[in-house]
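Below you'll find the structure, written out as C-alpha cells, and then a few comments.
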Amino acid sequence: MGSALSPYSPTLFPCGVLRRSPSPTIWLMHHKSVSMSLRLQASQKIGSPRPPVSLRTRLAATGAIVGGALGIWFYLQWEKEKHKNLKRIHQLQTLAVGQGDFRLINHMGQPCCKKDLRGSWVLMYFGFTHCPDICPDELEKMSSAVALLDKDPTIPPVLPVFVTVDPERDNVPALAKYVGEFHPRLLGLTGTPEQMKEMAKAYRVYYSAGPADDDNDYIVDHTIIIYLLNPDGLFTDYYSRGKTDQEIADSLKRHMQTYTSVFSQ
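Quick note on numbering: the working numbering labels position 213 of the sequence shown as 340, and the sequence is numbered without any gaps.
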C-alpha cells in the first residue's frame, strides 16, 4: 500500500490527467499578486474623479437655494409689516376715533347708520359741496385710490364715503348731484346740524363756517383727512393731504393682508 499523498505530490484530476500541485513559493507569489491587484483596483475606484455635474443640475441647485432664501426673506418682511400694522392699529384705536353709532341720510334719501357700512372697507372724507378746491382735490384722490384697487380682482370693492360738514346747504339733491361727479360708488351722507356735529365729534373732525358774503356764500374751515374703516366699522388708519392715491391704495392693501375681524375672535 502506498504512502499518503503529500500536498506537493502529483494529483490526479478527472479525465485521468496527472497534474503536479504548485510549489509553496509559486502559490504565495500568485496569492500576493492577486491581493495587490485587488487593492490597486479598489484604490483606483476610491481615488478616481467623479463624473462632472451637469450645468442643468448646478443651475437647479442654485435656483433652489436662492428661491428658499428669497422665500424666507419675504416671509420675514411680511411678518415685520404685519407687526408694524397691528402696532399702528392698536395705537390708533386707543384714540377712540369713530366710536358709537350714527344715523344720517344718504344722497338717495335713505336712512344710513354705521351698521350699513359694515362688511366693506371704507374711505371716508368730511367736506362740503361748495368747497372751491381742496374738497374736490381730496375726493378726486380718494376716488382714484379706489379705482386703483378696483384693478385687482382679488380685492373686494372699497366704499368711498363723503360726509358733509355743511348740512344747511348740502341737502339730499345737492349731495346726489355732487357725488356723481367723482365715483359711481361714492356715498354722500347728510343730516341735521346736530347730527353732523355729533358725527364730526366722533371722528374728531373740526369744522367752522366763516362769514357769509352778500350772496350768502361762505367757506367752511374743516379738518382735511381721509379716514379708513375696516369691515367691522372700526377706525383703522387715516391719510393726510400729502398722501397720494397710490400710497393710499398700497396702505389699504397692507391692511387687508393683516386684517382679522374682531367678531371672529
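Even for Gly, the Cβ is constructed at its ideal location relative to N, Cα and C.
Everything numeric in this text was worked out from a predicted model, so none of it was measured.
Report back the beta-carbon spacing between residue i and residue j to the nearest angstrom; my notes put them in contact at under 8 Å.
i    : j    : result
Q373 : L275 : 7 Å
S270 : P287 : 6 Å
F289 : V306 : 6 Å
D359 : S378 : Between S378 and D359 the Cβ distance is about 18 Å, and since that is not below 8 Å, they are no contact.
A303 : G315 : 7 Å
S353 : E267 : For the sequence presented, residue 353 should be read as Ile rather than Ser. In fact, because the Cβ distance is near 12 Å, the residues do not count as touching under 8 Å.
H349 : Y333 : 6 Å
L250 : V285 : 6 Å
I261 : I375 : At roughly 16 Å, the Cβ-Cβ gap does not stay under 8 Å, so I261 and I375 are not in contact.
P88  : W248 : There is simply no residue 88 to check, as the chain begins at 128 and stops at 392 in what is shown.
H382 : L355 : 7 Å
What residues in its chain sit with their C-beta under 7 Å from that of residue i, if we drop five residues either side in the sequence?
i    : result
G227 : A329
G246 : P358
L132 : In this prediction, L132 has a pLDDT of 47, which is less than 50 and means its spatial position is unreliable; what the coordinates show is noted afterwards. Excluding residues within five positions, none has a Cβ falling inside 7 Å.
A339 : Y345
T319 : P294
W154 : Legend: pLDDT at W154 = 47, less than 50; position of this residue unreliable, no value from coordinates given.
Y386 : N357
Just to confirm my understanding: we take residue i, look at its own chain, exclude 5 residues before and 5 after, and list those with CB closer than 8 Å. What are they?
i    : result
P238 : R230, L231, I232
Q322 : F229, R230, L231, P294
G236 : V299
V292 : F253, G254, F255, M323, A327, V332, Y334, V347, H349
T371 : K268
E325 : F229
C258 : I346, V347
Which partner residues of residue i appear in the DSSP bridge assignment?
i    : result
V332 : Answer is none; V332 lacks a bridge partner.
Y354 : M251, Y365
V347 : A336
L316 : N233, V290
So which of the options has the shortest CA-CA distance to residue i?
i    : options                : result
N357 : P300, Y365, T291       : Y365
E308 : K324, P259, P263       : P263
H234 : R312, R331, R368, K324 : R312
T317 : F362, R183, C240, L361 : C240
K380 : T363, S181, R368       : T363
Tell me which same chain residues have a C-beta within less than 6 Å of the C-beta of residue i, skipping the five on either side of it?
i    : result
T256 : D297, A301, Y305
L197 : none
A336 : Y345, V347
D225 : Contrary to the premise, residue 225 reads as Gly rather than Asp in this sequence. Counting only Cβ-Cβ distances below 6 Å, and skipping sequence neighbours, we find A329, Y330, F362.
R368 : I351
Within the present structure, is the beta-carbon of residue i separated from the nearest heavy atom of the ligand FAD by less than 7 Å?
i    : result
T256 : This structure simply doesn't include the ligand FAD, nor any ligand for that matter.
At 4 residues or longer, what runs of the alpha helix (DSSP H) sit wholly inside the region 216-293? 261-277
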